[in-house]
Structures are given as C-alpha cells and as structure tokens.
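Report on the following structure.
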Amino acid sequence: MNTADLPAIQYTVWPADLHGHRYQVKLHIAAPNPKGQVLQMPAWIPGSYLIRDFSKQIESIEAYSVGAKKKLPLERINNDQWRLPKTNSAIEIITTVYAYDSSVRAAYLDTERGFFNASSLCLEVIGQHDLPCSLAIAPPEASFADHWSVQTGLRAVKTDKRGFGFYLAQNYDDLLDHPVAMGEFQIVHWISNNVPHSMAIQGCINSVDVKRLAQDLEAICTCTINLFEPKTKQAPFRDYLFLVNAVLNGYGGLEHRNSTALLCRRDQIPQQDAPLDEAAYREFLGLCSHEYFHAWLVKRIQPKAFQPYDLSKRNHTRLLWLFEGFTSYYDDLQLFRSKRIDLKTYLDLVSSNWNGIFRGPGKNKQSLADSSFDAWTKYYQADENTPNAVVSYYGKGALLALGLDLQIRAFSKNKQSLDGLMRLIWQKHGVTLNGIAEDGLDELILELLGSGFSKTWNDMKARYIFGAEDIPIQKWITSKFISVKPKAHSKLEKIKLQLAMRHTDANGWLKITHVLDGGAAQQAGLAPGDLLASINGQRITSARLDKVLASLTEGQHIYFCFYRDDLEHERMASLEMSQLPMQFELIAHSAKS
C-alpha cells in the first residue's frame, strides 16, 4: 500500500511485550486541528453498559511532530483526554497500553494469544470521528509466535498470508466495531443463505468437531436470517465471524456488526476424543444464537438514545428489555426452530428462566424500564443486595417477549405473532438505521395489529414494563399441546428455596454471599459475608450442606451458628410455606394425547 493511499488517520498496533502484556500503539494524524487537537480514550464499549475507563491502562503517552521529528508537549485535560499544542503539521502519538483483561470487552496479550477491541487501544481524534481510518497490525517479534495469525471482520486491504498488515475502517465507530484476535486458531467454515460464516476458536486442547459445529451453526444462522427476511433471505452483512476464546471457566459474548467475540468453557465445545456435556454445548449454541441475533437487534435496530454513541459518558435508555430481553427470548427459540433442541428441552429452558425470575425478590421492586435505565449502576455493578433490589432485563425481558407473543397470537387468532413485529421493526428501523424512540414500539404495534390491540398493549406496558407486576404466563398459555402446572420439588429443593441464601466455599467454610428477602436465612439474621459453622449442632461445609438440610422438616426450628467478623453468633428461624416462591413447569403433550 502506498503512503498516498492511506487515510488521514492511521493506527498501528504492535504486540510489543508478550511477557509484560503490553501493546504499543501509534496514531498518525495527517491534519490535526491547528488550534490544538484533542484526543480521547473511550470510557465504555457499546453493548456493555458500564463505565470502564479504558484510559487507566495507558502506561505512557508521547506526541511527536512528524516533519521536525520533535517531541511535543501533551496537556492532560482529564483522565481520558489530552490536548496537543497548536500545529499545522502531521503528528504522531505513541502509547503503551497494558492488556490483561481476558473478557470480550477489552484487550489481552500474553505468550499464547492476543485480543483487542480498538476502544481499549485507539485514541479518538476529536472532530475527525467520521473520517476513514486505517489499522496496521504488526506481528509479534518472538519466534514462538511465528505460527500466529490474525482473525477479524475488518476489511483487509494489504495483508500477508497470516493476516498481519493493513485494514481499513469507514470511520472511528467502524474501527471500534471490529474486534481483533491473534494467535493459533481452529477454524470452522459454513455457508448460510450464500453468506460465508466462520468460527475461529482458541484454547481447545483437542481437535474440535468441525462437522458438528458447522452443521449446528449453519442451521441456527440460516433460521435467524430467514426470520428477519423470509422473502429475500438476505443477511445484512457480506460475511460473519465468531471469535471464540475457550478457557477453564468463563462465559459471555459481545455483539458487533459482522462478528462477535465469545468466551466459553472448553468443555462446552465438541472436540474429538473428548466427552461432551450436551447441556453445556446447548448453552454455548444459545450464546452463539444470542450474539448473532444482535447483528439485527442492537447493531442495526438501535434505540435513538444510542445514535450516535457518546463513549465519554453513560447513554441511558429504558429499552434494554426490548434489545436484550427479546434477544434472550429468541436465542433459545431459534435453537428449537432450527431443530437443535426438542420441544421438551425448549420448554425446560423457558420454565428455568421463568422460575429464576420468581426466585428474585427484586422482581416486584424494580420495573423493566427502570432496570434498563439503571443498568449502568445496578445490573452491571452487582453486589450482595442485587437479587433483592434488581430484576434482569434479560430474563424478565425474555418473559415479556413470550407474553407479548402469546397475546398477539391470541388476539389475531394465530394470524400474527411476535415474528411479524420483529420483521416490522427491522424494516422500519433496521434497514433504515433510524433509531427507535423510547415509545417507538407503540406505533409499530398499532400498525401491525390495529387499534383493537391498544388496550392489551397499554395494560402490558403499565403493569409489566413500567410497573413491577409478575407476568402471568400461566394464564396466557392456551395451547392444548402445552400445559402449565406448579413445579414439583423434592424435599431438599423446597428447603433450599425456603432458606433463600446463596453461598460459596471459602477455605473449607461455607461463606454466605446473598441472603434473599423473606427467607429463613434472613429471618435468622444471617448476612452476606457470614461464615456458617453449624445447623442444629451439625458442622456445615459445602460438601455436607445437602445432607444436613435434608434432615430438616417443615415447621422445625433451625439453629444457626455462624461467625461474623470472627465473632460467634447463634440465631434461630423456622421453615414456613410462605417462604416458597411460585415455581412452574411447562409440559408438552403430543397430538395423540
């Protein structure tokens, strides 16, 4: 690539110190603001609603005049902004960035792999946000990294056979929307509706089962493309890439326009000559389905509040129940529709989510709208009281989507469904990229179903979106092929629900992490951080807990001995039916029965 062909803003990333986990980044600005160019590091990354202050990982930053090769002073404006002196010549900024965050949201570098989102490494040139920019990725100099390659959805312009070299982005937002992985990969390829898809996997010890992954992912991706475009069957991207980091323990994903970064356990991926937990693999497919769905809902269909993103501060919306909740409804539904799971498994997943919502006391304290708005400070900054104060816009949002689907089907006598609403949202706000206003769903529902559905929708909004009432799925399921009944619990399951506490193991002690409102543990005065020593005189450890709890009976007084701040306490409580949360199960019936 000739220098003349490069855009005015150029980034070069070196994996400079694999042992010390440091990238070096050079930013070339051909035409800085002559009045004093301001540079800024993002405070958060789209799709993960928490201020992360990526600038804190910058270890050094220096500026130079390209023509005079002279070091320039940098004025620190605040923790994530710098101002250059007045100049009419091109400048370069060199930063060293520490990168040891193994999540999908930031940057990571060691002797085994590299990964980064540009929001963790690349400064924004304020005032030139919309200009095209290039990204040059240099290979590590270490000989043991000779087999490393690059995987990214960014448009390659001039790269070597391993993928190192020059890439182009339409603008700064486009640069941030393409994560980059480096290292050694196992690659899975498939075609969905004439669109090439790939999965690049790192971290698996054995050879992955390429055939099974390709078959399952092809079915899921094709099903989702057809959901949004049943006539054209066209995807909104030319290709798609799943970047997978398989580790001992970890789970999560972050969506992008034509790719996603996933974190999972190694045992969730099918591998040759290795046993596979089918439930764990199903969870991994659900994660793939979820992030892939976001290529439509979030990356193209967006809240108007996110247009444009302001990465210097929190961007609030009350619509995350739609963007994350509806996606959570469809991720498992698409597994069923693509025949990756059967009806019983699907209904078990729905009831598991439903029952999880019922077990959280926060369900009747926080509305879905408030849960969405407060994601920055409550959901993403969970503490010991979170289950008592917060409801998940993922979980309850998925339940709302199911409820709305059932209500639409009932109203239209099965002539319409939530699928029709999703396609209408796609045509009005995805194809056009026109963001949805906070009340924008009202007009779309009216267009799809007419004014006759307004009363039902307004009631749902008041009670289940802006209110905190339980969503009565049990009343809305009318299919003769699916029934709802109270969940049958074993004696031990009932006692655990009545006790209503969560715990972990701490050096042989059972350490309490959460105490839920209304349970026997709270009645006894137990609190997060307590070390539980005994119940009714029997020593308690994580291994012995189930055995001791199984010996208890309804109405029996329970004596707890525990330590708080190294002081011994004894308290009493009893198990009562009122402590049991509602729990349901969904049962599938065959046409013959």
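Per our numbering, numbering of the sequence shown is gapless, rising by one per residue and ending at 811. Don't be surprised by glycine CBs; every beta carbon is placed ideally from N, CA and C.
Exercise. Taking just the CA atoms, how far does residue 266 sit from residue 411?
Worked result: The residue you call residue 411 lines up with position 193 of the sequence shown. The residue you call residue 266 lines up with position 48 of the sequence shown. Straight-line Cα distance between these residues: approximately 30 Å.
Exercise. Using DSSP with H/G/I as helix, E/B as strand and the rest coil, what is residue 417?
Worked result: Taking the first residue of the sequence shown as 1, we reach residue 417 at position 199. DSSP places residue 417 in strand when its eight states are reduced to three.
Exercise. Quick one: Cα of residue 408 to Cα of residue 436, how far?
Worked result: Position 190 of the sequence shown holds residue 408. Position 218 of the sequence shown holds residue 436. Each residue's alpha carbon lies about 6 Å from the other.
Exercise. For the candidate residues 547, 533, 803, whose alpha-carbon lies nearest to that of residue 504?
Worked result: Position 286 of the sequence shown holds residue 504. Answer by Cα proximity: 547.
Exercise. Does the distance from the C-beta atom of residue 571 to that of residue 613 stay below 8 Å?
Worked result: Position 353 of the sequence shown, counted from the first residue, corresponds to residue 571. Position 395 of the sequence shown, counted from the first residue, corresponds to residue 613. The answer is yes: Cβ separation under 8 Å.
Problem set entry | First and last residue of the uninterrupted alpha helix (DSSP H) at residue 508 | For the purposes of this step, residue 508 is taken as residue 290 along the sequence shown, with counting starting at 1. Here the alpha helix (DSSP H) through residue 508 covers 496-511.
Problem set entry | Residue from 642, 305, 360, 656 whose Cα sits closest to the Cα of residue 666 | Within the sequence shown, residue 666 is the residue found at index 448, counting from 1. When only C-alpha atoms are compared, the closest one is 642.
Exercise. Residues bridged to residue 471 by DSSP?
Worked result: In the sequence shown, residue 471 corresponds to position 253, counting from 1. Beta-bridge pairing links residue 471 to 480.
Exercise. Between the region 561-581 and the region 592-606, are three or more C-beta pairs nearer than 8 Å?
Worked result: yes
Exercise. At what residues does the beta strand (DSSP E) containing residue 375 begin and finish?
Worked result: Along the sequence shown, one-based indexing puts residue 375 at 157. Segment 373-377, the beta strand (DSSP E) holding residue 375.
Exercise. I think residue 224 touches residue 352, with their Cβ atoms under 8 Å apart; what is that distance to the nearest whole Å?
Worked result: Walking along the sequence shown from the start, residue 224 turns up at place 6. Walking along the sequence shown from the start, residue 352 turns up at place 134. Their Cβ separation, rounded to whole angstroms, is 6 Å, which keeps residue 224 and residue 352 in contact under 8 Å.
For this session: Answer with buried or exposed for residue 719, where buried requires no fewer than 16 other C-beta atoms within 10 angstroms of its C-beta.
Result: For the purposes of this step, residue 719 is taken as residue 501 along the sequence shown, with counting starting at 1. Buried, since its Cβ has 16 or more Cβ neighbours within 10 Å.
Exercise. So which of 757, 734, 462, 600 has the shortest CA-CA distance to residue 576?
Worked result: By 1-based counting over the sequence shown, the position of residue 576 is 358. Checking every option, the nearest Cα to that of residue 576 belongs to 734.
For this session: Specify the secondary structure class of residue 805 as computed by DSSP and reduced to three states.
Result: By 1-based counting over the sequence shown, the position of residue 805 is 587. In the structure shown, residue 805 sits in a strand (DSSP, three-state: E or B).
Exercise. For the candidate residues 463, 586, 456, whose alpha-carbon lies nearest to that of residue 619?
Worked result: Looking up residue 619 in the sequence shown gives position 401. Closest by alpha carbon: 586.
For this session: With DSSP as the reference, label residue 786 as helix, strand or coil.
Result: To locate residue 786, count along the sequence shown from 1; it is residue 568. Residue 786 falls in the strand class under three-state DSSP.
Exercise. How should residue 623 be labelled, buried or exposed, when 16 other C-beta atoms within 10 angstroms of its C-beta is the threshold for buried?
Worked result: Within the sequence shown, residue 623 is the residue found at index 405, counting from 1. The residue is buried, with at least 16 neighbouring Cβ atoms inside 10 Å.
Exercise. Taking just the CA atoms, how far does residue 460 sit from residue 391?
Worked result: Start at 1 with the first residue of the sequence shown, and residue 391 comes out as number 173. Start at 1 with the first residue of the sequence shown, and residue 460 comes out as number 242. Pairing residue 391 with residue 460, the inter-Cα distance amounts to about 20 Å.
Exercise. Run through DSSP, which three-state label would residue 564 get?
Worked result: One-based indexing of the sequence shown puts residue 564 at position 346. In the structure shown, residue 564 sits in a helix (DSSP, three-state: H, G or I).
For this session: Label residue 707 either buried or exposed according to how many other C-beta atoms from any shown protein chain fall within 10 Å of its C-beta, with 16 as the threshold for buried.
Result: The residue labelled residue 707 in the question sits at position 489 within the sequence shown. Exposed is the call here.
Exercise. Do you know offhand how far residue 644's Cα is from residue 773's?
Worked result: Position 426 of the sequence shown holds residue 644. Position 555 of the sequence shown holds residue 773. Between residue 644 and residue 773, the C-alpha separation is close to 54 Å.
Problem set entry | Cβ shell of residue 399 (< 6 Å), same chain only, five flanking positions each side left out | Taking the first residue of the sequence shown as 1, we reach residue 399 at position 181. The answer, listed in chain order, is 333, 369, 461.
Exercise. Using DSSP with H/G/I as helix, E/B as strand and the rest coil, what is residue 442?
Worked result: Here residue 442 refers to the residue found at position 224 when the sequence shown is read from its first residue. Looking at residue 442 - three-state DSSP - the assignment turns out to be helix.
For this session: Could you tell me the distance, in whole angstroms, from the CA atom of residue 544 to the CA atom of residue 446?
Result: As a first step, residue 544 must be located in the sequence shown, where it is residue number 326. As a first step, residue 446 must be located in the sequence shown, where it is residue number 228. For residue 544 and residue 446, the distance between alpha carbons rounds to 14 Å.
Exercise. What does a CB cutoff of less than 8 Å around residue 744 pick up in its chain, not counting 5 residues either side in sequence?
Worked result: Residue mapping note: residue 744 aligns to position 526 of the sequence shown, counting from 1. Counting only Cβ-Cβ distances below 8 Å, and skipping sequence neighbours, we find 719, 730, 733, 750, 778, 780, 789.
For this session: Could you name the residues that DSSP lists as bridge partners for residue 578?
Result: Residue numbering aside, residue 578 sits at position 360 when the sequence shown is read from its first letter. Answer by DSSP bridge pairing: none, since residue 578 is not bridged.
For this session: Excluding the 5 residues preceding and the 5 following residue 523 in the sequence, name in chain order all residues of the same chain whose CB lies nearer than 7 Å to its CB.
Result: Within the sequence shown, residue 523 is the residue found at index 305, counting from 1. In the same chain as residue 523, and ignoring 5 residues on each side of it, the C-beta atoms closer than 7 Å to its own belong to 533, 534, 535, in chain order.
For this session: Count the other CB atoms, across all protein chains shown, that sit within 10 Å of the CB of residue 453; report buried if there are 16 or more and exposed otherwise.
Result: As a working note, residue 453 is residue 235 in the sequence shown. Looking at its Cβ environment, which holds 16 or more other Cβ atoms inside 10 Å, residue 453 is buried.
For this session: Compare the Cα-Cα distances from residue 538 to each of 590, 350, 564, 584 and report the closest residue.
Result: Residue 538 sits at position 320 when you count from the first residue of the sequence shown. It is 590 whose Cα lies nearest to the Cα of residue 538.
Exercise. Do the CB positions of residue 302 and residue 309 come within less than 8 Å of each other?
Worked result: As a working mapping, residue 302 is identified with position 84 in the sequence shown. As a working mapping, residue 309 is identified with position 91 in the sequence shown. A contact, by the Cβ cut-off of 8 Å.
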